[in-house]
Each structure stands twice: as structure tokens, then as C-alpha cells.
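Student: Just so we're aligned: the sequence shown equals residues 40 to 355 in the working numbering. Think of the CB as a built atom: it goes at the ideal place given N, C-alpha and C, for glycine as much as any other residue.
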Amino acid sequence: MQGISIDAFSFADIAGNCLACGSDALQSWDDTVEHELAVGGFRNSKCLGCGTVFTNPRPDRKSLSGFYETFEGHDDQAFVKASLRYYSDPGRRAARHKDYLAPLLARKQSGRLLDFGCGAGWFAAMARDEGFEVDGIEQMPAAVEAAQKELGLSTVRQGDEDALPETPTYDVIVCNNLIEHVTDPLDFARKVRASLKPGGLWMVNFPSADSAMFKSFGAHSYYFMTPYHLTHFTRSGFSAMMARAGFQNTEYDLQSEAFYWMKGFVSKLGLADAYARWRNDPDFVSFDIALDGLLASISLDGDQPALNEICFAKLG
Ligand SMILES: [Zn+2]
């Protein structure tokens, strides 16, 4: 990433145990490779028990907050605009409905739902339209404002993980594209559990270390973006962490997200700028959705994620 070096970060102690399954059989893995959304040189460990790969030592929360403020702060409006398009653009909305909402609706159709890390609220708005009673929590003030004003989500509020209620409140908690960013995912999972009612459901997706992309590209995968992404879970590691956090049963669906595959390839070909312009072309949406469908069918045939997995973890 331009303009930042690993020296800007301070670190927690090196972990001696896997943060997913708890095993002490850790092996050092490749260092993070520099790219447009990754700071090179972070050290990573691989768990020989479950295969999860994670940044170790972890940057501490204070230096991570500084990083997000400096490197995302200037781009708030672009983030909000992109997030709103998932709801306002019919093609993107249909694709997101299929990838994100349909797997939830197959398991639960109503109740009190919290979208934690909701961005500008595209998922919360779609869940509301299906009849859920929705709340949202989001760190970025510009996204909170857009969710309230543009999508009419008056219950979206600003906050971080400390804003999760400590008593059973929700039937469903949704975390889209979030847990790979969290410094202590086991602790976070326990906080989510405390906020769920008995029988509650946590829907959480993550970029999978079992995926074809991770296996093909490893530390060169576009999704290997430290310090944004700090953990690359395998399914077995994720299930072990869920059990440690007190979730009795877990099941999985696959998610394709063609966008990051495309980004990986075009960056390697030096076509990132052309791609960024093309992506704003209306024709792009149908191409994006077609590629998504292709990746989804490949991954479903092999029962192996192209990129992401969605975990549904239940209490009781
Ligand atoms: Zn492990």
C-alpha cells in the first residue's frame, strides 16, 4: 500500500496458540506480500491442527484504529456510494439477495435481527423488506448517516464491538465481511453469543483458507490484505472456534464474490485502473453476476468454496 510501512504499527505479544482451535502446533508461514490493499512484511502463522492462517504477532487495536482512520477516512463517501448501490441497483441487489439473504431465509424468516458492521445498510434494508425487525451497528459515521437518511433505517447507530448488548436480545445477528478484520475473533464470538437469544442464529461469512483462491495464490491472493484481513480460517478451524465460544452447531454455505477474483487477476496484469473504470459501466453488472454464477457452480460442484464461506452458528 502506498504511503505506509509496517513500522507504523505496534504489536501485541506473539501468540503461542491457534486463535481458532487453540492448538499450540503453530508453524511460521509466508510474510504478507505488498499490494494495493496490503502492507508488506507482516508475519503470519499457520496452525498445524486446523490449517487456519493468521497474522502473528497481531497489530494492536490502537495502531489499527489509526490505520483505518488514515487510510479509509478519506474514502468514506466512495465506500458509502458502493454500499448503497448493492440496494439501489436492481442487478446488484438481485445478486446480493441470492448470495447473502437467500441462505438466511432458508433458515429463518422473521424475528429481531442485528446487522453488526452494517455499512450503509444494504443488507439490513433487504432483511427489513423481508419482514425482519432490524437494528444496525456501524463504526463509520458517514455510513450510519446514509443508512438512516437514504435507506430509512432509523435504528442504525454508531458503535464498535463494545456496543453489542450483554444480554440476550436478538434472534439473528449478521456479520458480513467482518470477522477477518477482528483482532480477537474468539472474544468477539463470545460477545455475539451473549447478545443472542436462546435458539438464536449467527450468520457470519469469512474468506476461506479452504478456498480455491487461497489454495491457488496463498499469500499472493488478493484477499490476503493485512492489516485489513488478519485471519484466514479453514472450515474446521472456524467450527472449533464456534464450539469454544459456546455455539452448539454450525453449518456452512458457499459464497463466490467474483469481484475479488477479478481484482486479483487484473492487478497481476497491470489493468487495475481500466478495471475500475469498467466496473462503473452498467454492462459490467451482468458480467459480474455471470462470473459469480460460474464460480458458484464450480465451487458447489466441488463442495469447496471459490472464496468465501458463510457459517450459520446456532445457540441451543
Ligand atoms: Zn488451529
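To which residues does DSSP link asparagine 288 through a beta bridge?
Tutor: For the purposes of this step, residue 288 is identified with residue 249 of the sequence shown, where counting begins at 1. Paired residue(s): Lys353.
Student: Between the C-alpha atoms of leucine 140 and proline 129, what's the straight-line distance to the nearest angstrom?
Tutor: Numbered from 1 along the sequence shown, position 101 holds the residue referred to as residue 140. Numbered from 1 along the sequence shown, position 90 holds the residue referred to as residue 129. For leucine 140 and proline 129, the distance between alpha carbons rounds to 15 Å.
Student: Between which two residues does the beta strand (DSSP E) holding proline 246 run?
Tutor: Within the sequence shown, the letter at position 207 stands for residue 246. From DSSP, the beta strand (DSSP E) with proline 246 extends over 235-246.
Student: At the level of alpha carbons, what is the spacing between glycine 198 and aspartate 99?
Tutor: Along the sequence shown, one-based indexing puts residue 198 at 159. Along the sequence shown, one-based indexing puts residue 99 at 60. C-alpha of glycine 198 to C-alpha of aspartate 99: approximately 19 Å in a straight line.
Student: Looking at C-alpha atoms only, which residue of Leu123, Glu177, Phe253 is the closest neighbour of alanine 202?
Tutor: Position 163 of the sequence shown, counting from 1, holds the residue named residue 202. Looking at the Cα atoms, Glu177 is the closest of the given residues.
Student: At what residues does the alpha helix (DSSP H) containing glutamine 178 begin and finish?
Tutor: Numbered from 1 along the sequence shown, position 139 holds the residue referred to as residue 178. Counting along the chain, glutamine 178 falls outside any alpha helix (DSSP H), and DSSP gives it neither H nor E.
Student: What separation, rounded to the nearest whole angstrom, lies between the Cα atoms of alanine 228 and isoleucine 43?
Tutor: Start at 1 with the first residue of the sequence shown, and residue 228 comes out as number 189. Start at 1 with the first residue of the sequence shown, and residue 43 comes out as number 4. Cα-Cα distance, rounded: 31 Å.
Student: Which residues bound the beta strand (DSSP E) around tyrosine 209?
Tutor: Along the sequence shown, read from residue 1 onward, the residue named residue 209 stands at position 170. 209-214 is the span of the beta strand (DSSP E), which, as asked, contains tyrosine 209.
Student: Looking only at its own chain, which residues have a Cβ that is under 7 Å from the Cβ of proline 224, when we skip the five neighbours before and after it?
Tutor: As a first step, residue 224 is located in the sequence shown; it is residue number 185 there, counting from the start. Hits under 7 Å: Leu58, Ile218, Thr270, Met280.
Student: Could you name each continuous beta strand (DSSP E) segment of 3 residues or more that falls completely within the segment 103-157, going from the start of the chain to the end?
Tutor: 151-155
Student: For the candidate residues Thr94, Lys236, Val211, Ser102, whose alpha-carbon lies nearest to that of leucine 144?
Tutor: Taking the first residue of the sequence shown as position 1, residue 144 is located at position 105. If we check each option's Cα against that of leucine 144, Val211 comes out closest.
Student: Based on Cα-Cα distance, which residue from Ala352, Asp174, Val243 lies nearest to alanine 282?
Tutor: Your numbering for residue 282 matches position 243 in the sequence shown. The shortest CA-to-CA distance from alanine 282 to any of Ala352, Asp174, Val243 is the one to Ala352.
Student: Tell me whether serine 62, by its Cβ, gets closer than 6 Å to a heavy atom of ligand 1.
Tutor: Start at 1 with the first residue of the sequence shown, and residue 62 comes out as number 23. Yes, since a heavy atom of ligand 1 falls inside the 6 Å radius drawn around the Cβ of serine 62.
Student: What I want to know is whether the C-beta of alanine 228 ends up closer than 6 Å to one or more non-hydrogen atoms of ligand 1.
Tutor: Reading the sequence shown from its first residue, position 189 is the one you call residue 228. Checking the Cβ of alanine 228 against ligand 1 gives no.
Student: Do the CB positions of valine 78 and isoleucine 45 come within less than 7 Å of each other?
Tutor: Position 39 of the sequence shown, counting from 1, holds the residue named residue 78. Position 6 of the sequence shown, counting from 1, holds the residue named residue 45. Contact annotation: valine 78 and isoleucine 45 have beta-carbon atoms nearer than 7 Å.
Student: Starting from phenylalanine 93, trace the beta strand (DSSP E) both ways and give me its first and last residue.
Tutor: The residue you call residue 93 lines up with position 54 of the sequence shown. From DSSP, the beta strand (DSSP E) with phenylalanine 93 extends over 92-94.
Student: Starting from arginine 82, trace the alpha helix (DSSP H) in both directions and tell me its first and last residue.
Tutor: Mapped onto the sequence shown, residue 82 falls at position 43. It is not in any alpha helix (DSSP H) - arginine 82 carries neither H nor E in the DSSP assignment.
Student: Which class does leucine 65 belong to by DSSP, given the choice of helix, strand or coil?
Tutor: Counting from 1 along the sequence shown, the entry for residue 65 is found at position 26. Strand.
Student: Any idea which residues DSSP pairs proline 98 with across the strands?
Tutor: The residue you call residue 98 lines up with position 59 of the sequence shown. Proline 98 is bridged to Phe50.
Student: Short check: CB of proline 358 to CB of leucine 293, under 7 Å?
Tutor: No information on residue 358 is available, as it lies outside the stretch 40 to 355 that the chain covers here.
Student: What's the call for arginine 146, buried or exposed, on a 16-neighbour Cβ count within 10 Å?
Tutor: Working through the sequence shown from its first residue, we reach residue 146 at position 107. Classification for arginine 146: exposed.
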